[in-house]
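Numbering (the working numbering), first residue to last: 368 to 691. Positions of the beta carbon are idealized from the N, C-alpha and C atoms, including for glycine. Only a predicted model underlies this, so the values are computations on that prediction, with no experimental measurement involved. Encoded as structure tokens, the structure appears first; notes follow it.
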């Protein structure tokens, strides 16, 4: 690892801190003064200042990008990165195909403090190759989409290099992806997982209900789960860390709401989303007392035509936390 790569790693480790970014600018001063200035300008913009000074900084950032952006972005264009954007002086997120990631990853991660990826998969092989590389340990958030999501998830779930992942979005995943994650022992930091818009069956609910997972957020909107699947999920004993659960757009009925309200394993939930389902006022009132998910602070029941006047006890319990 070069000195500059070590500085980039510090940006990844502490993204909110300006000091590592300014250290990178200092290191670049002798080899690319324009990029060093660009970093400093973008870092200065969020601060408090006179409006005229802010306009001047915005103008200078545009001037630097117009003059040098083509050269700065060439490695990303070569890798077919989709619409790369600078944030506080650097590009921290890449959107590209899995084969391009495997081929160009070493160069891209040596140039920018990349910690977020959106990867279009075909068969999962490119993601598998990428996940074997040392630089993949830098990735904290990952979105997988395309026809190879399940295969890519299996590769990810067996790669020690994926151990720093905290957030994972799987678009179009099936039960195979769920199984790979719940059986993985190499993702200790994973806290937020989305299977929304997937093609799950109730078998996935069974897998999740039997697993012990540290996840704090689980997104299952439009995933295909039925009332039976939600009832199974509500019986989970190893999801006590879960604080946020979304089950929008699943054609769920009052039976699912009642099962969730009676759950003894999801008592850590603070936010529950059940919008665009088939709930009635009776189903919504399953959450009217503090015994139903005692930590619940926000309940979303949007776009179901529910009558607020008939939900008095629920309104009393949650106040502004009830969204209709």
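| query | result |
| --- | --- |
| Just to confirm, are residue 379 and residue 480 a CB contact at a threshold of 9 Å? | yes |
| What would DSSP say about residue 488, mapped onto helix, strand or coil? | strand |
| Closest to residue 609 by CA distance: which of 581, 622 and 587 is it? | 581 |
| Identify whether residue 562 lies in helix, strand or coil by the three-state DSSP scheme. | coil |
| Using the three-state DSSP reduction, which class does residue 656 fall into: helix, strand or coil? | coil |
| DSSP three-state call for residue 464: helix, strand or coil? | strand |
| Report all residues from its chain with a CB closer than 6 Å to the CB of residue 607; omit the five preceding and five following residues, and keep chain order. | 635 |
| Taking contact to mean 3 or more Cβ pairs, one atom from each stretch, closer than 8 Å, check whether the region 479 to 499 and the region 413 to 424 are in contact. | no |
| Taking 9 Å as the threshold (C-beta atoms), are residue 491 and residue 469 in contact? | no |
| Is the separation between the beta-carbon of residue 575 and that of residue 614 shorter than 9 Å? | no |
| Please check the pair residue 410 and residue 388, which I expect to be a contact at CB under 8 Å, by giving their CB distance rounded to whole angstroms. | 6 Å |
| Measure how close the beta-carbons of residue 507 and residue 475 come, nearest whole angstrom, since I'm counting them as under 8 Å. | That pair is no contact at about 16 Å. |
| So, helix, strand or coil for residue 536, using DSSP? | strand |
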